[in-house]
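Visitor: Got a structure for you, written out below as structure tokens; questions coming shortly.
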Amino acid sequence: ILNVEQSPQSLHVQEGDSTNFTCSFPSSNFYALHWYRWETAKSPEALFVMTLNGDEKKKGRISATLNTKEGYSYLYIKGSQPEDSATYLCAFEDTDKLIFGTGTRLQVFP
Amino acid sequence: DAGVTQSPTHLIKTRGQQVTLRCSPKSGHDTVSWYQQALGQGPQFIFQYYEEEERQRGNFPDRFSGHQFPNYSSELNVNALLLGDSALYLCASSFQGVDTQYFGPGTRLTVL
């Protein structure tokens, strides 16, 4: 059974703080790793699809890195803002289906 | 361009009943996947439809069935509802099952 783990489970930071979370996944038979951002009462929004070891992707203040050999990915948010408050999900792609972690719930206080 | 839409938004059923959830994919997408998110869990893959056929299935009982129509929209049917079927059901669409999956807002099912 493929297992994807995310840590921490939740995070509370002050506006302006930088933060990061971890996603661990099986290192064998890797195809792609997806990051989603999910605000309450909205649809999960795709952030990144990462496929290559050493990959680093950036979208505004959010960036992600990938290490497929050791099976982990980091998501970084620089200078957190209250609008960054959401649950961040990672998902391991396994033959066109996504295996999700339980997410990291981020709350940014003004 | 409309994204993925799902209906209804919320649904309350009793044990033993049957339910049908609906999903319209993003324009240009031909593949629909269904996920169940129970409280405190990440979304779990139920099944995927492509060209009106079930292409893949997760670890869910036969009570969960689906259908895809020629316009690529899809239905998820659950028979003989159990209390444990209470969850948020998410639909995601993609093009030929590859690359990014785009999600709808989900249908919240409560079984009493």
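Chains as they are written, first to last, in my numbering: chain A, 965 to 1074; chain B, 138 to 249.
Even glycine gets a Cβ: it sits at the ideal position worked out from N, Cα and C.
Just so you know, these numbers come straight off a predicted model, no measurement behind them.
What residue ranges within the segment 1027 to 1064 of chain A form continuous beta strand (DSSP E) runs of no fewer than 3 residues, ordered along the chain?
Guide: 1036 to 1041, 1050 to 1058 and 1061 to 1064
Visitor: Can you name the residues of chain A whose CB is closer than 8 Å to the CB of Gln-178 of chain B?
Guide: Those are Thr-1066, listed as they occur along chain A.
Visitor: Assign His-998 of chain A to one of two classes, buried (16 or more other C-beta atoms within 10 Å of its C-beta) or exposed (fewer than that).
Guide: buried
Visitor: State the Cα-Cα distance for the pair Glu-190 of chain B and Asp-1058 of chain A, rounded to the nearest angstrom.
Guide: 19 Å
Visitor: Please state the DSSP three-state secondary structure of Gly-1018 of chain A.
Guide: Coil at Gly-1018 of chain A, not helix or strand.
Visitor: Check whether the segment 1035 to 1046 of chain A touches the segment 976 to 991 of chain A, taking contact to mean three or more Cβ pairs, one atom from each stretch, closer than 8 Å.
Guide: yes
Visitor: Please list the terminal residues of the continuous beta strand (DSSP E) segment that includes Gly-203 of chain B.
Guide: For Gly-203 of chain B, the uninterrupted beta strand (DSSP E) run begins and ends at 201 to 205, by DSSP.
Visitor: When the Cα of Phe-240 of chain B is compared with those of B:Asn-208, B:Ala-229 and B:Thr-247, which residue comes out closest?
Guide: B:Ala-229
Visitor: Is Ala-1055 of chain A close to chain B? Criterion is C-beta to C-beta, closer than 9 Å.
Guide: True, the Cβ-Cβ gap to chain B drops below 9 Å.
Visitor: Is DSSP giving Leu-220 of chain B helix, strand or coil here?
Guide: helix
Visitor: Give a yes or no on whether the C-beta atoms belonging to Val-215 of chain B and Val-141 of chain B are separated by under 9 Å.
Guide: no
Visitor: Residues bridged to Asn-214 of chain B by DSSP?
Guide: Answer by DSSP bridge pairing, in chain order: B:Thr-157 and B:Ser-202.
Visitor: With a Cβ-Cβ cutoff of 9 Å, do Gln-143 of chain B and Thr-244 of chain B count as a contact?
Guide: Between Gln-143 of chain B and Thr-244 of chain B, the C-beta gap is smaller than 9 Å, which places the two residues in contact.
Visitor: Flag Thr-1032 of chain A as yes if its beta-carbon sits less than 9 Å from any beta-carbon of chain B, otherwise no.
Guide: no
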